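Going by my numbering, the residue at position 42 of the sequence shown is 57; the numbering climbs one at a time, nothing skipped.
Reviewing the structure listed below.
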Amino acid sequence: MFVFLEHFLTLSIQNDKFVLLSLKEHLLQKKTTMKKIASICVLLVAFMCTTALAQQNSKAEFKFDKETHDFGKIPQGKPVTHVFTFTNVGTEPIIINEVKPSCGCSVAEFTKTPVKPGEKGTISVTYNAAAKQPFTKNFTVRSNTKTPVKTLYIKGEVTS
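Pasting the structure below:
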């Protein structure tokens, strides 16, 4: 800012040119910019709150019989399978979008149709016991439930 004839002036760049603004013009520009920033922030917060509230208010809910399965000792070279069973204890159908294994040594199949309230669904997981070693693998379940990401586990030890 420069003091010139008892007025405050601001040197500003607009459209690649230097412009001399009075204090009033400078404050008006700042106020307009701040209004735009504040409006964007309010919209962003409103969107995030709406999204979080929608997930919290989801009335679809899993209840698994168990979330971890221990195969114990299993023979090398023979794939093993476990079926996780769940019940929809919510008031809306559960839709499973994806079940993703933690590695290429395992695969998952799951109920593709919506599971209605009170009904049961399954997630079948298979581990290829190729390497002789203890293992712990996880499967990430993505769905429309109150908790949209759920993790299931299998473990055991591959022996010869």
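Just so it is clear, CB atoms sit at the ideal spot from N, CA and C, and this is done for glycine as well.
Since the structure is predicted, the reported quantities are computational estimates derived from the model, not experimental observations.
Asked: Between which two residues does the beta strand (DSSP E) harbouring Ile109 extend?; Found: Neither: Ile109 is in no beta strand (DSSP E) and is coded neither H nor E.
Asked: Only counting the same chain, and skipping five residues up and downstream in sequence, which positions put a Cβ closer than 8 angstroms to that of Lys170?; Found: Thr83, His84, Asp85, Phe86, Pro149, Phe150, Thr151, Lys152
Asked: Per DSSP, what kind of secondary structure is Ala61 in: helix, strand or coil?; Found: helix
Asked: Pull the bridge partners of Asp85 from the DSSP assignment, please.; Found: Lys170
Asked: Check for me: the beta strand (DSSP E) holding Asn103 runs from which residue to which?; Found: 95-103
Asked: Between Phe79 and Lys135, how many whole angstroms is the CB-CB distance? I'm expecting something under 8 angstroms.; Found: Not confirmed; about 10 angstroms, so no contact.
Asked: DSSP three-state label for Lys53, please.; Found: At residue 53 the sequence reads Ala, which differs from the Lys that was named. Ala53: helix per DSSP, three-state reduction.
Asked: Just reading off the beta strand (DSSP E) that Pro149 is part of, what are its end residues?; Found: 149-158
Asked: My assumption, with CB atoms under 8 angstroms, is that Val98 sits in contact with Ser139. Please give the rounded CB distance.; Found: 5 angstroms
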